[in-house]
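Notes follow the structure.
Residue numbers (the working numbering): 50 to 164.
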């Protein structure tokens with residue numbers, strides 16, 4: 050796209066939907082989401098090195114949400130887990146996933162630390 054139009058690009062709504070579940074410790078360990086996002090951010094850095102004018106990036110999404118097309122909660126995208134299920138049960142409490150803390154560090158270091 051950049052080669053053709055030569056206008057700044059913004060990557061938006063980049064995320065991984067998964068069937069996140071709390072582990073025995075009560076936490077959501079979503080290393081698969083971290084790996085997915087890290088790989089995309091690394092490729093964006095390569096594109097910038099190649100001269101692409103990348104003006105921004107927004108992941109999808111910050112919090113689990115109801116699917117607009119299906120009304121389901123099973124597949125989750127957020128950095129924050131919402132205790133809500135397809136059958137309507139759940140108390141809507143929130144729990145930060147491992148990806149929340151990872152992305153917090155990415156933001157704080159302006160992408161320098163993708164560890």
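Glycine included, each C-beta is placed from N, C-alpha and C at the ideal position.
Residue i versus residue j - alpha carbon distance
| i | j | result |
| --- | --- | --- |
| residue 139 | residue 89 | 32 Å |
| residue 125 | residue 52 | 34 Å |
Residues bridged to residue i (per DSSP)
| i | result |
| --- | --- |
| residue 63 | 108 |
| residue 131 | 143 |
| residue 125 | 67 |
Whether residue i touches residue j by CB criterion (8 Å)
| i | j | result |
| --- | --- | --- |
| residue 148 | residue 82 | yes |
| residue 111 | residue 134 | no |
| residue 62 | residue 107 | yes |
Assigned exposure category for residue i - 16 Cβ within 10 Å defines buried
| i | result |
| --- | --- |
| residue 109 | exposed |
| residue 77 | buried |
| residue 150 | exposed |
| residue 146 | buried |
| residue 155 | buried |
| residue 64 | buried |
Pick from the options that is closest to residue i, judged by C-alpha positions
| i | options | result |
| --- | --- | --- |
| residue 84 | 67, 72 and 73 | 67 |
| residue 57 | 122, 103 and 116 | 103 |
| residue 69 | 100, 114 and 105 | 114 |
| residue 55 | 94, 100, 79 and 91 | 100 |
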